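Have a look at the structure below, then the notes.
Protein chains: 2
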Amino acid sequence: MIHMGIQERKEKQKLEVRKLILDASIKLFIEEGFGNVTIRKIADLIEYSPTTVYLYFKDKDEILAALHDVGFEKMQAFNDDLASINNPLLRLHKMGENYLQFGMENPEFYDLMFIMDEPMKVFEEEGCGWEPGDRAINVLKATVVECMEKNYLARADAHVVSLSVWSFVHGLVSLAIRERMEKFVPEKEMMLPMMRQSLNWFVNSIENTRKD
Amino acid sequence: MIHMGIQERKEKQKLEVRKLILDASIKLFIEEGFGNVTIRKIADLIEYSPTTVYLYFKDKDEILAALHDVGFEKMQAFNDDLASINNPLLRLHKMGENYLQFGMENPEFYDLMFIMDEPMKVFEEEGCGWEPGDRAINVLKATVVECMEKNYLARADAHVVSLSVWSFVHGLVSLAIRERMEKFVPEKEMMLPMMRQSLNWFVNSIENTRKD
DNA sequence: AAATTTACTTAACAATGTAAATATTCCAAA
DNA sequence: TTTGGAATATTTACATTGTTAAGTAAATTT
Chain A
27 MIHMGIQERK EKQKLEVRKL ILDASIKLFI EEGFGNVTIR KIADLIEYSP
77 TTVYLYFKDK DEILAALHDV GFEKMQAFND DLASINNPLL RLHKMGENYL
127 QFGMENPEFY DLMFIMDEPM KVFEEEGCGW EPGDRAINVL KATVVECMEK
177 NYLARADAHV VSLSVWSFVH GLVSLAIRER MEKFVPEKEM MLPMMRQSLN
227 WFVNSIENTR KD
Chain B
27 MIHMGIQERK EKQKLEVRKL ILDASIKLFI EEGFGNVTIR KIADLIEYSP
77 TTVYLYFKDK DEILAALHDV GFEKMQAFND DLASINNPLL RLHKMGENYL
127 QFGMENPEFY DLMFIMDEPM KVFEEEGCGW EPGDRAINVL KATVVECMEK
177 NYLARADAHV VSLSVWSFVH GLVSLAIRER MEKFVPEKEM MLPMMRQSLN
227 WFVNSIENTR KD
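Here the protein sequences line up with chains A and B, keeping their order. Going by our numbering, the first sequence opens with residue 27, and the numbers climb by one from there. Going by our numbering, the second sequence opens with residue 27, and the numbers climb by one from there.
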């Protein structure tokens, strides 16, 4: 094995084409919307033949799953400002606001991460569960637990409460993204403000009033 | 116009074929899932050629929109037991439970009604908004208002609160349907119970504690 | 009886995901 | 240096999809 350097270069190239495909997908995804992400358009963009894509990804779902992962990275970057908030209830609130904002600013990614079926098939096949989602909700859960410990939230099954909080914000975003809110929030620019109001009410409602 | 009877019969026949198409769609929809509802399969079932379908529906989206409407009718039937509940907060709670149950028992319909893009396109084209959804949320809203009037809920913007309640239950159902909950609720038969628990916590949390 | 409208079918197109067969490139051993 | 075999890429092809255009046969109107 004299030419290990060459093999390394090859592997790097392999990864580079993979990255080309992914970048092209993201570009199409963001600029033309999900419906226009097709194998052929990806291939056109990177100037390869369509079937070459299949040398780097098993099928289209796997590409979507990769984009799904990119979405979770993006979301994590969105939450950089959380660590500085000491009050866990305020932090929970801010997490919610970030979630809403991320969803409304990146509807295509949000869709892929929390609504679309396709990327989930890959996780099913892999056997191991939905790791990115798992990690995200564990952060939420930790905050909920902290809220309960410090009596900002009434003590209850933290698992149930975490799912509830998540469901609440997901409900808002997914209804908005899939155009079920237009009748109720006619002006588009009022959507996010309205959602924030909704979140305010929610956080206010769940706050523990029987503080010791 | 001697032959009005014949014209009537013709129109009836026209409606009958329409109904054939719709029934076939529903059958496919329920038995084989949404992905297997194709124009050709519908045509096969009713023993017409595929293109005949287009004489009765503008396009596939219009069929999906019709199924969407059927879903709302089904849901309404689900809520027959609500009228007998006098306490508005209990009624709200029961509405939520019905919503969860309907969603979990009719995931395909729920999908069409509250998640999928396709049927909404028809409403956009028609200009007038999403009438079935509008009606449904108005029922919810009336209950919320009644809750506030009778001090079961703290006074707040009823519109915001209604959207919030809806978002909450929709969040639960849509996460479950689109397989984002499996990691958190591993046993499938625990899904609905867990969601009910979540709803219990929610209703409990939003209930007005400063009752006069 | 002739003309026209209605109801339906056949044929076809374009887009899509994907598989199989084929070609090309490139490195390693003879 | 040549050669054989991976690795990489392309060509061709297929099946499925929604949908349109053209054609046909029967029913209805004139």
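All residues carry an ideal CB built from backbone N, CA and C; glycine is no exception. All values derive from a computational prediction rather than experimental measurement.
9 Å Cβ cutoff, residue i in contact with chain A
i	result
M207 of chain B	yes
R181 of chain B	no
S110 of chain B	no
H185 of chain B	yes
Q223 of chain B	yes
W227 of chain B	yes
Interface flag, residue i vs chain B, CB-CB below 9 Å
i	result
M216 of chain A	no
V85 of chain A	According to the sequence displayed, residue 85 of chain A carries Asp and not Val. Output row for D85 of chain A: interface = no.
M121 of chain A	no
M130 of chain A	no
G97 of chain A	no
F210 of chain A	yes
Y136 of chain A	no
V43 of chain A	no
I232 of chain A	yes
L189 of chain A	yes
M220 of chain A	yes
F104 of chain A	no
T235 of chain A	yes
L46 of chain A	no
DSSP beta-bridge partners of residue i
i	result
L198 of chain A	Note: L198 of chain A sits in no beta bridge, so no partner.
L10 of chain B	No answer is possible for residue 10 of chain B: it lies beyond the span of chain B, which begins at 27 and ends at 238.
Using a Cβ distance threshold of 8 Å, determine whether the segment 54 to 74 of chain A contacts the segment 109 to 125 of chain A, with at least three qualifying pairs required.
No: the two stretches stay apart, fewer than three of their Cβ pairs being nearer than 8 Å.
Residues, ordered as in the chain, of the segment 51 to 80 of chain B that lie near chain A by beta-carbon distance below 8 Å:
Under the 8 Å Cβ criterion, the segment 51 to 80 of chain B contributes no residue.
Take every Cβ of the segment 158 to 172 of chain A, pair it with every Cβ of the segment 218 to 231 of chain A, and state whether three or more of those distances are shorter than 8 Å.
No: fewer than three Cβ pairs fall under 8 Å.
What are the start and end residues of each continuous beta strand (DSSP E) run of 3 or more residues lying completely inside the segment 94 to 135 of chain A, in chain order?
Within the segment 94 to 135 of chain A, no complete beta strand (DSSP E) segment of 3 residues or longer occurs.
Would you list, in chain order, the members of the segment 192 to 205 of chain B that have their beta-carbon closer than 8 Å to a beta-carbon of chain A?
Residues W192, S193, F194, V195, H196, G197, L198, S200, L201, R204, E205.
Taking a cut of 7 Å between CB atoms, which residues from the segment 140 to 171 of chain B lie near chain A?
Per Cβ criterion, the list reads F140, I141, D143, M146, G155, W156, G159, D160, I163.
Under 8 Å: do the segment 82 to 97 of chain A and the segment 105 to 114 of chain A share three or more Cβ pairs, one atom per stretch?
Counting C-beta pairs closer than 8 Å gives fewer than three between the segment 82 to 97 of chain A and the segment 105 to 114 of chain A, which falls short of the contact rule.
If we count Cβ pairs, one from each stretch, closer than 8 Å, do we get three or more for the segment 192 to 203 of chain A versus the segment 193 to 201 of chain B?
Output reads yes: the segment 193 to 201 of chain B touches the segment 192 to 203 of chain A.
Where in the segment 69 to 93 of chain A do unbroken runs of the alpha helix (DSSP H), each at least 4 residues long, occur, reported from the N-terminal end onward?
Taking 4 residues as the shortest admissible run, the segment 69 to 93 of chain A contains the following complete alpha helix (DSSP H) segments, listed from N- to C-terminal end: 79 to 82.
Taking 8 Å as the cut-off, does the segment 206 to 222 of chain A touch the segment 183 to 196 of chain B (at least 3 CB pairs, one atom from each stretch)?
Contact holds: three or more Cβ-Cβ distances are below 8 Å.
On the three-pair Cβ rule with 8 Å, is the segment 135 to 150 of chain B touching the segment 77 to 94 of chain B?
Output reads yes: the segment 77 to 94 of chain B touches the segment 135 to 150 of chain B.
Should the segment 40 to 49 of chain B be regarded as contacting the segment 152 to 162 of chain A, the criterion being three or more beta carbon pairs within less than 8 Å?
They do not touch, by the three-pair rule.
Should the segment 124 to 142 of chain B be regarded as contacting the segment 74 to 84 of chain B, the criterion being three or more beta carbon pairs within less than 8 Å?
Between the segment 124 to 142 of chain B and the segment 74 to 84 of chain B there are fewer than three C-beta pairs closer than 8 Å, too few to call the two in contact.
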